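Written out below as structure tokens is the structure these notes cover.
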Amino acid sequence: MPKLIPGLHDIATGFGFIRSCWTLTAWACSSCHDEIDRRTRHIDADSASLAHLEGVIRTQAVLLKEGKLAA
1 MPKLIPGLHD
11 IATGFGFIRS
21 CWTLTAWACS
31 SCHDEIDRRT
41 RHIDADSASL
51 AHLEGVIRTQ
61 AVLLKEGKLA
71 A
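In full-length UniProt numbering, the protein residues as written are 1 to 71.
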């Protein structure tokens, strides 16, 4: 099973050690992180980008429910 990592940054707004704003992060497993960062290429770049966006939305929904993010 892939390892869960704290947050996945968007390579368009920050990469390497420069992270994007934490409200735009997605919780993801290490395999998904590799795919979004394009270290692996099991899906095309547009699908990876869309999957990241969907992950951001799901992560924000959890944070809203937990009261850690305000609407």
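For glycine and all other residues, C-beta sits at the position ideal for the given N, C-alpha and C.
On a predicted model such as this, the values are computed, not experimentally measured, just so you know.
DSSP three-state assignment for residue i, whether helix, strand or coil
i: Cys29; result: strand
i: Gly55; result: helix
i: Ala71; result: coil
i: Ile43; result: coil
i: Glu66; result: coil
i: Asp34; result: helix
Span separating the alpha-carbon of residue i from that of residue j
i: Arg41; j: Cys32; result: 10 Å
i: Glu54; j: Leu24; result: 11 Å
i: Leu50; j: Ile57; result: 11 Å
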